[in-house]
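Visitor: Take 47 as the starting number for the sequence shown in my numbering and just add one per residue. Just so it is clear, CB atoms sit at the ideal spot from N, CA and C, and this is done for glycine as well. These numbers were taken from a predicted model, which means no experiment stands behind them.
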Amino acid sequence: MTTKRAFLLRGLATWLVVSLLCCALLYAEQIRRQYWQFDRAFTSLFSTINTALTQNESVIPVLSGDDDLARLQQKFPQIQALEKTIALPLNAPRVEKLSPTSYWLYNPYRQIRVRINLAPFLYSASHFSTVRLSMTTPSALQQERWHWTRQFQQHFQPFTLQANATPQWFAVAWLPHLLIALGWGVIVCLLMLTLWGRKQQQSDRQRADYYQHARLNTLGEMAAGVVHEINQPLTATQMWLQGGMRQLDNGKSEEVRHAMRSALTQTQRISELLTRFRAHLSQEDVTLTAVNLPQSWLRVGNLLEHEPGTKLIRITHAFQALEIRADHLWLEQVLHNLLNNAIQAQLSRGKGWVHITSEAEGDRVRVTLTDGGPGFSPEALKLALMPLYTEREGGLGLGLTLCESLMTRMNGSLQLGNRPDGGAEINLWFIRER
């Protein structure tokens, strides 16, 4: 869930960054287009006024002062009046300002003047925030965001056209921005889905590889466990067969029969172990039945009675709860491993003891196995249930691991500890048989 959420957040962040970047570029382009629209409008206005000024300088030399004003205005609407002047000096100023948009244009050679009004041209440029025609030295307009200034080249009318404009920040088309955001949303969504699918495929492959390795490791562990488990019955079978051969040489037929029956029992145990190993590999459900704990303990003791040094270990029991729910073979495997470990831990001392008890605790039965050995070291208490960990020379480190696995499959549990006065203490919990 955390990985999926992080992946979603990365996709959302990617979409947001890309959308904002593209929208910002589009917005900048739209504002730039506004500027160029104003620039083209200013150029057009300048060209129109420039034409009018050129007409003024072209027509005034040919006027006599008696011309028909109405006909003159049809061609030159900027001319509002035509008058004659008296004794105007030749060096008199050619322009007399009347208002910001009107002025008298003189021709002293013909002693006439015409009144020019350029206001209609400026009023047509109302989309500018400020526009003016400076007939003297240009004055600074109130500075806006965008500013244009250009001087006319007429000899007698060297005016300057000025204009200001402010960007219309919100007068942009918002639909393209929305379409960009939606488009990038679809693209990022498809991209993230593709990447997520690839990531899932990679995770599935890694998981499959992990499970395959885990299964192989488990198989190796179980195979080693089976070798560990059948080693005891094989050794016992070998001893019984060797003893039977010696009794056969001595002509003691009854002892031979007993040896053969005991060897047969051990081989049957090996067969049951292999059958159970095959069932464990297939992970088939195990049917738990009522098992008599003292009888299972007795069979385990009989299996180990011929082990070297076993006769030096005193084995006692005190069962209060007799019936538990378990698999009889798995129960015997667990008890066999624990008893064998307890015996092996005390062989170096030459003597020792093992004691097993059982008591009911609610709907469960606690089986406690204690011994007079050195107990578990602090490290062993932490690692003894890990595969391949052992403190005994020549040990495989699989006995306790297998015990824990079998107890778990029987809906039980196993706990390792030490007695206060020394020695190991192992507690097993089983379901109580009602």
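Examine chain C for any beta-carbon lying closer than 8 Å to the beta-carbon of Gly57, and answer yes or no.
Guide: The structure shown contains no chain C; it is built from a single protein chain.
Visitor: Can you list, in chain order, the residues of its chain whose CB lies under 7 Å from that of Leu377, leaving out five sequence neighbours each side?
Guide: Val337, Ser342
Visitor: Alpha carbon to alpha carbon, what distance is there between Arg395 and Ala364?
Guide: 25 Å
Visitor: Could you tell me the alpha carbon to alpha carbon distance between Pro466 and Cys449, rounded to whole angstroms?
Guide: 24 Å
Visitor: If you draw a straight line from the alpha carbon of Ile95 to that of Ser175, how long is it in whole angstroms?
Guide: 19 Å
Visitor: Would a C-beta distance cut-off of 8 Å place Arg196 and Phe92 closer than the cut-off?
Guide: yes
Visitor: Determine the burial state of Tyr257: buried for a count of at least 16 other Cβ atoms within 10 Å of its Cβ, exposed for fewer.
Guide: Reliability of the predicted coordinates at Tyr257 is poor, the pLDDT of 46 falling under 50, and the value obtained from them is presented with this limitation in mind. Tyr257 should be labelled exposed.
Visitor: So for Asn210, helix, strand or coil by DSSP?
Guide: strand
Visitor: Check whether the region 451–458 touches the region 418–430, counting contact only when three or more Cβ pairs, one atom from each stretch, lie closer than 8 Å.
Guide: Contact annotation: the region 451–458 does not touch the region 418–430, with fewer than three C-beta pairs closer than 8 Å.
Visitor: Go to Lys143, then tell me how far its beta strand (DSSP E) extends in each direction, as first and last residue.
Guide: 141–145
Visitor: Who are the Cβ neighbours of Gly231 in its own chain at under 6 Å, not counting the five residues just before and after it?
Guide: Trp61.
Visitor: Is the Cβ-Cβ distance between Ile370 and Val411 less than 8 Å?
Guide: In this structure, the beta-carbon distance from Ile370 to Val411 falls below 8 Å.
Visitor: Measuring straight from C-alpha to C-alpha, what distance separates Leu58 and Pro213?
Guide: Leu58 and Pro213: Cα-Cα distance of roughly 32 Å.
Visitor: How many angstroms separate the CA atom of Leu151 from the CA atom of Arg178?
Guide: 19 Å
Visitor: What's the gap between the Cα of Ala74 and the Cα of Tyr81?
Guide: 11 Å
Visitor: With 16 other CB atoms within 10 Å as the buried threshold, where does His173 fall?
Guide: Classification for His173: exposed.
Visitor: Specify whether the region 213–223 and the region 100–117 touch according to this definition: at least 3 beta carbon pairs, one from each stretch, less than 8 Å apart.
Guide: no
Visitor: What span of residues does the beta strand (DSSP E) with Gln126 cover, start to end?
Guide: 125–130
Visitor: Over the uninterrupted beta strand (DSSP E) stretch that includes Arg410, give me the two end residues.
Guide: 410–417
Visitor: So, do the region 124–138 and the region 151–165 have three or more beta carbon pairs nearer to each other than 8 Å?
Guide: yes
Visitor: Would you kindly work out how many angstroms separate the C-alpha atoms of Ala219 and Thr240, rounded to a whole number?
Guide: 33 Å
Visitor: Considering only the alpha carbon of each residue, which of Asn296, Gln312, Ser299, Lys298 lies closest to Trp286?
Guide: Gln312
Visitor: Which first and last residues belong to the alpha helix (DSSP H) in which Phe509 is found?
Guide: Beyond the ends of the chain as shown, which are 47 and 480, falls residue 509; an answer cannot be given.
Visitor: So the candidates are Trp242, Ala305, Leu236; which of them puts its Cα closest to the Cα of Phe53?
Guide: Trp242
Visitor: What residues in its chain sit with their C-beta under 6 Å from that of Gly289, if we drop five residues either side in the sequence?
Guide: Ala305
Visitor: Pull up the distance between the alpha-carbon of Leu167 and that of Thr206, whole angstroms please.
Guide: According to the sequence displayed, residue 167 carries Phe and not Leu. Approximately 14 Å between the Cα atoms of the pair.
Visitor: Which same chain residues end up closer than 6 Å to Thr362 when comparing Cβ atoms and leaving out the 5 residues on each side of it in sequence?
Guide: His401
Visitor: Ala138 by DSSP, collapsed to three states: which one?
Guide: coil
Visitor: Given this structure, state the Cα-to-Cα distance separating Ile158 from Ala171, to the nearest angstrom.
Guide: 31 Å
Visitor: Near Leu334, what residues of its chain come up, given a Cβ to Cβ distance below 8 Å and the 5 sequence neighbours on each side ignored?
Guide: Only Arg371, Ala372, Asp373, Met456, Asn457, Ile477 meet the Cβ criterion.
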